[in-house]
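Notes follow once the structure below has been shown.
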Amino acid sequence: MVLGFNWVGLVGVFYDFFMYFFGWLFLDGWREVLGERAEGCVLEVGVGTGLNLPFYRGVDGVVGVDSSLGMLGRGVDRCLDLDVGFDVSFLLMSVESLGFRDSCFDTVVSSFLLCNVDSGRGLGEIERVLRPGGRLLLLEHVRPENRFLDFLFRLVNPVSVWVLGDDLRGEPVKYLEERGFRIDCVKRFGGFLLFVECRVE
Ligand SMILES: C[S@@+](CC[C@H](N)C(=O)[O-])C[C@H]1O[C@@H](n2cnc3c(N)ncnc32)[C@H](O)[C@@H]1O
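If you read the sequence shown in full-length UniProt numbering, its first letter stands for residue 1, the second for the next number, and so on.
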């Protein structure tokens, strides 16, 4: 056994600290919409530190997958502190290679993940594990419509892509349409954020 400071766990602590302000400002309202729209057996991809967990209502259970142990560890701590009232499992797994059988989830939730991954492979896997008619609920940042904000995003994006692998000017609706998802609802908020509800047919 190696005793020492848990550096891996710090990733999640920093993330929560960073997101606290945005949550208070407007994000928690949209996390609530995600949670209310989710139903049945839910897969949350890129679950991170589990910031969506307090907002699920009446689901049968949630399986959260993420590729970072530090983020998942924080998610487990959050879950132990909350009494969510449904089963939650956390798995270290990439959205690009989901270890589940076909058509086994009613809802897939993804918040701020698609811009980090190969959207084609990730969406292909999501499509595979969703049952026919199952819903994908998405929160994502997109290219801002405001030209000044877009100019700032253009400046910052190369650093964001290089350091975090995070494309701030992604086009999630285009990726979803290319993949054949049926888009039921798209709502823009906060100038550069998007809520999308879509389904596989
Ligand atoms: C910006 S955070 C979003 C976390 C959480 N969904 C939220 O709304 O706060 C992106 C998360 O995606 C995870 N991630 C990145 N690439 C991934 C992949 N290929 N498969 C699964 N998770 C991934 C990261 O570890 C991180 O926890």
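C-beta atoms are modelled at their ideal positions from N, C-alpha and C, and glycine is treated no differently.
Legend entry - Per DSSP, cross-strand counterpart(s) of residue 135: Translated into positions along the sequence shown, residue 135 becomes position 135. Looking at the DSSP output, residue 135 sits in a beta bridge with 107, 199.
Legend entry - 8 Å Cβ cutoff met for residue 46 and residue 92: Start at 1 with the first residue of the sequence shown, and residue 46 comes out as number 46. Start at 1 with the first residue of the sequence shown, and residue 92 comes out as number 92. Against a cut-off of 8 Å, the Cβ pair of residue 92 and residue 46 comes out as no contact.
Inset, instruction - Measure the C-alpha to C-alpha separation of residue 123 and residue 96 and round it to an integer number of angstroms. - result: For the purposes of this step, residue 123 is taken as the residue at position 123 of the sequence shown. For the purposes of this step, residue 96 is taken as the residue at position 96 of the sequence shown. Roughly 8 Å between the two C-alpha positions.
Inset, instruction - Closer than 8 Å by C-beta to residue 1: which residues in its own chain qualify, once you throw out the five before and the five after it? Chain order, please. - result: Stepping through the sequence shown from its first residue, residue 1 is reached at position 1. Only weak support is given to the placement of residue 1: the predicted model assigns it a pLDDT of 42, under 50, and the value that follows is read from those uncertain coordinates. So the list is empty, once near-sequence residues are dropped.
Inset, instruction - Could you give the DSSP three-state label for residue 168: helix, strand or coil? - result: Working through the sequence shown from its first residue, we reach residue 168 at position 168. DSSP, read as helix, strand or coil, puts residue 168 in coil.
Inset, instruction - Could you tell me which residues DSSP puts in a beta bridge with residue 44? - result: Translated into positions along the sequence shown, residue 44 becomes position 44. For residue 44, DSSP records a beta bridge to 64, 109.
Inset, instruction - Using beta-carbon positions only, say whether residue 42 and residue 65 come within less than 8 Å of one another. - result: To locate residue 42, count along the sequence shown from 1; it is residue 42. To locate residue 65, count along the sequence shown from 1; it is residue 65. Inclusion of residue 42 and residue 65 in the CB contact set at 8 Å is not warranted, their separation being larger than that value.
Legend entry - Simplified DSSP state of residue 77, which is helix, strand or coil: Within the sequence shown, residue 77 is the residue found at index 77, counting from 1. Residue 77: helix per DSSP, three-state reduction.
Inset, instruction - Kindly list the residues whose CB is nearer than 8 Å to the CB of residue 79, restricted to its own chain and excluding five residues on each side of it in sequence; keep chain order. - result: Here residue 79 corresponds to residue number 79 of the sequence shown, with the count starting at 1. For residue 79, where only same-chain residues beyond five positions count, the Cβ hits under 8 Å are 50, 53, 88, 90.
Inset, instruction - Have a look at residue 192 and residue 143 and give me their C-alpha separation to the nearest angstrom. - result: Numbered from its first residue, the sequence shown carries residue 192 at position 192. Numbered from its first residue, the sequence shown carries residue 143 at position 143. Cα-Cα distance, rounded: 6 Å.
Legend entry - Reference residue 120, options 177, 102, 189, 146, closest by Cα: Here residue 120 refers to the residue found at position 120 when the sequence shown is read from its first residue. Considering only 177, 102, 189, 146, the residue with the shortest C-alpha distance to residue 120 is 177.
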